[in-house]
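Asks: Numbering (our numbering), first residue to last: 16 to 467.
Where a beta carbon is used, it is the ideal one built from N, C-alpha and C, also for glycine.
Note that this is a predicted model, so its numbers are computed, not measured.
Here it is in structure tokens:
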């Protein structure tokens with residue numbers, strides 16, 4: 016059941032760094048969606064099928080044989096968060112118990128009842144994964160009807176029913192709930208498994224600490240492990256006070272991804288951000304030749320009287336960094352931009368100059384299936400300084416427009432192609448992330464999770 020599926024997130028107990036890179040809040044909006052999970056786990060079929068089976072340690076019931084259960088009603092489940100404990104649940108259902116009575120005839124007992132239980136978390140010592148077990152399971156009878164003859168002594172009938180039901184129902188209902196818990200434990204076995212980011216590395220969602228239950232939600236703190244393909248782990252910086260905004264509806268569910276976590280993920284792609292552009296004609300740009308460049312730096316014409324194609328190489332020499340303010344997210348890139356004059360007959364190009372650059376890209380976020388997608392556009396060229404030059408000194412500011420247009424037309428499309436790999440989101444509850452509403456907040460991206 017989804018109410019138990021959600022409890023699985025109260026679990027993954029792997030002690031790591033204290034500052035979470037991702038946070039999950041599970042509200043009652045998710046927990047109340049139980050029917051699909053009930054169908055998946057076949058809980059109703061289990062309840063009926065187990066009734067007539069001989070189970071180890073179960074004594075036969077005096078006065079009734081050929082016990083069977085039929086007409087099991089679809090349970091109505093209500094839940095409440097129990098702060099610092101988990102979830103208290105009440106399952107209301109009904110059924111018909113049949114068999115041969117001590118009178119020799121067919122007997123039917125129509126029962127309406129409530130099952131109450133608390134789910135507490137245990138940890139599998141071998142796998143470290145969560146294991147849930149219902150605790151304090153109780154059966155409360157709401158009404159009982161029987162077809163036993165009306166001329167029997169009422170006290171005898173009541174005593175027989177009381178004895179029969181107290182033996183049958185706990186052994187039938189509570190194991191059925193445990194069966195769903197087993198189903199849940201298996202379903203979440205891959206939650207903390209590494210997930211690939213193309214061929215560059217993996218992301219693994221590992222819990223920071225025991226999840227916290229409040230009167231309104233369960234909060235799960237993740238310390239994601241971002242690992243390069245060669246096995247090196249990229250350390251997350253301090254999350255910088257990333258918190259859930261307070262304006263979400265009570266009982267709703269959200270997933271928060273901190274800017275520092277996104278920064279670590281983008282670090283996996285840093286080498287792919289190094290680009291060499293050899294094309295002469297690019298989009299709306301003027302021809303990428305020494306003639307065009309000489310319009311900004313006259314010394315280029317002196318060095319190359321005849322036009323030569325330009326080759327431009329951008330290297331990102333610092334890890335990319337994501338920053339977020341409410342409504343806006345930027346990707347900061349620091350590196351070098353080197354321009355070459357191409358030569359014929361296979362000769363290597365000649366370096367004209369190298370510029371130290373710092374520019375920002377504006378990030379737009381979306382979700383496709385179970386991955387976070389990013390697309391970028393140029394925000395600003397923040398700084399540009401000459402590192403070296405084979406054509407002598409020149410004023411870098413004269414190149415600002417030329418370089419800005421080049422970044423937008425030639426560099427940004429390459430970056431967006433690289434970003435199409437996407438970044439994996441936590442594998443939880445078969446959540447359809449495509450329905451999520453995305454909000455950029457202070458130091459974080461928040462996915463407001465939707466069910467339909």
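Please confirm if the segment 308-321 is in contact with the segment 374-390, defined as three or more CB-CB distances below 8 Å between the two stretches.
Replies: Because the criterion of three Cβ pairs below 8 Å is not met, the segment 308-321 and the segment 374-390 do not touch.
Asks: Is residue 455 near residue 339, with beta carbons less than 9 Å apart?
Replies: Yes, they are a contact pair.
Asks: Pull up the CB-CB distance for residue 337 and residue 281, whole angstroms please, since I reckon it's below 8 Å.
Replies: The pair is a contact, with the Cβ atoms about 7 Å apart (cut-off 8 Å).
Asks: Give the DSSP bridge partners of residue 393, in chain order.
Replies: Paired residue(s): 376.
Asks: Taking the alpha-carbon positions, what's the residue 307 to residue 290 distance?
Replies: Roughly 21 Å between the two C-alpha positions.
Asks: Decide if the segment 424-440 is in contact with the segment 397-411; the criterion is three or more beta carbon pairs, one per stretch, under 8 Å apart.
Replies: These segments do not touch.
Asks: Could you tell me the distance, in whole angstroms, from the CA atom of residue 130 to the CA atom of residue 178?
Replies: Approximately 18 Å, taken between the alpha carbons.
Asks: So residue 96 packs on residue 231, CB below 8 Å; how close in whole Å?
Replies: Correct: roughly 7 Å between the Cβ atoms.
Asks: Beta-carbon within less than 6 Å of residue 227's beta-carbon, same chain only, minus the 5 sequence neighbours each way: which residues are those?
Replies: The residues are 234.
Asks: Between residue 41 and residue 463, what straight-line distance do the alpha-carbon atoms span, to the nearest angstrom?
Replies: Between residue 41 and residue 463, the C-alpha separation is close to 11 Å.
Asks: Flag this pair as touching only if the segment 95-114 and the segment 207-216 have three or more C-beta atom pairs under 8 Å; answer yes or no.
Replies: No contact exists between the segment 95-114 and the segment 207-216.
Asks: Would residue 35 be called buried (16 or more neighbouring beta carbons within 10 Å of its own) or exposed?
Replies: So residue 35 counts as buried.
Asks: If I measure Cβ to Cβ from residue 80 and keep anything under 8 Å in the same chain, skipping five residues before and after, which residues do I get?
Replies: Hits under 8 Å: 114, 115.
Asks: Quick check on the DSSP output: what are the complete beta strand (DSSP E) runs of length 3 or more inside the segment 92-160, in order along the chain?
Replies: DSSP runs (the beta strand (DSSP E)) wholly in the segment 92-160: 101-116, 121-138.
Asks: Less than 8 Å between C-beta atoms, sequence neighbours within five positions excluded: which residues of the same chain meet that for residue 168?
Replies: Confidence at residue 168 is low in this model, with a pLDDT of 49, below 50, so its placement is unreliable and the value that follows should be read with caution. For residue 168, where only same-chain residues beyond five positions count, there are no Cβ hits under 8 Å.
Asks: Using DSSP bridges, identify the partner residues of residue 321.
Replies: According to DSSP, which records beta bridges pairwise, residue 321 is partnered with nothing at all.
Asks: Where does the unbroken beta strand (DSSP E) through residue 229 begin, and where does it stop?
Replies: Counting along the chain, residue 229 falls outside any beta strand (DSSP E), and DSSP gives it neither H nor E.
Asks: Does the count of Cβ pairs from the segment 291-299 and the segment 262-278 closer than 8 Å reach three?
Replies: Short answer: they don't touch.
Asks: Please report the distance separating the alpha-carbon of residue 43 from that of residue 329.
Replies: Distance between the alpha carbons of residue 43 and residue 329: 49 Å.
Asks: Please go through the same chain and pick out, in chain order, the residues whose beta-carbon is closer than 7 Å to the beta-carbon of residue 127, but skip the five residues on each side of it.
Replies: Correct list, in chain order: 109, 157, 158.
Asks: At the level of alpha carbons, what is the spacing between residue 82 and residue 92?
Replies: Each residue's Cα considered, the two are about 26 Å apart.
Asks: Got a sec, what are the start and stop residues for the alpha helix (DSSP H) residue 309 sits in?
Replies: It spans 305-309 - the alpha helix (DSSP H) in which residue 309 sits, taken as one unbroken run.
Asks: Can you tell me the Cα-Cα spacing of residue 203 and residue 123, whole angstroms?
Replies: Using only the alpha carbons, I get a separation of about 40 Å.
Asks: What number of angstroms, rounded off, separates the C-alpha of residue 419 from the C-alpha of residue 396?
Replies: Going by the C-alpha atoms only, they are around 6 Å apart.
Asks: Rounding to the nearest angstrom, what Cα-Cα distance links residue 188 and residue 151 in this structure?
Replies: Rounded to the nearest angstrom, the two C-alpha atoms are 13 Å apart.
Asks: Under three-state DSSP, which class holds residue 81?
Replies: Correct three-state label for residue 81: strand.
Asks: What number of angstroms, rounded off, separates the C-alpha of residue 220 from the C-alpha of residue 237?
Replies: Distance between the alpha carbons of residue 220 and residue 237 is about 6 Å.
Asks: Within a Cβ cutoff of 8 Å, which residues of the same chain sit near residue 301, ignoring the five residues on either side of it in sequence?
Replies: Excluding residues within five positions, the ones whose Cβ falls inside 8 Å are 307.
Asks: With H, G and I counted as helix, E and B as strand and the rest as coil, what does DSSP make of residue 58?
Replies: Residue state, collapsed to three classes: helix.
Asks: Report yes or no: do the segment 244-251 and the segment 445-460 share at least 3 C-beta pairs separated by less than 8 Å?
Replies: Short answer: they don't touch.
Asks: I'd like the list of long-range same chain contacts for residue 331, defined as Cβ closer than 8 Å, with 5 residues on each side in sequence excluded.
Replies: Taken in chain order, the residues that qualify are 285, 288, 289, 348, 349, 350.
Asks: For residue 43, which three-state DSSP category applies?
Replies: Residue 43 falls in the helix class under three-state DSSP.
Asks: For residue 333, collect the residues of the same chain with a Cβ closer than 6 Å to its Cβ; drop the 5 residues on either side in sequence, then sort them by chain order.
Replies: The residues are 349.
Asks: Please classify residue 101 as buried or exposed, where buried requires at least 16 neighbouring CB atoms within 10 angstroms.
Replies: Buried is the call here.
Asks: Considering only their Cβ atoms, is the gap separating residue 391 from residue 479 smaller than 9 Å?
Replies: Any question about residue 479 goes unanswered here, given that the chain covers just 16 to 467.
Asks: Out of 186, 141, 407, which one is the CA nearest neighbour of residue 84?
Replies: With distances taken between Cα atoms, residue 84 lies closest to 186.
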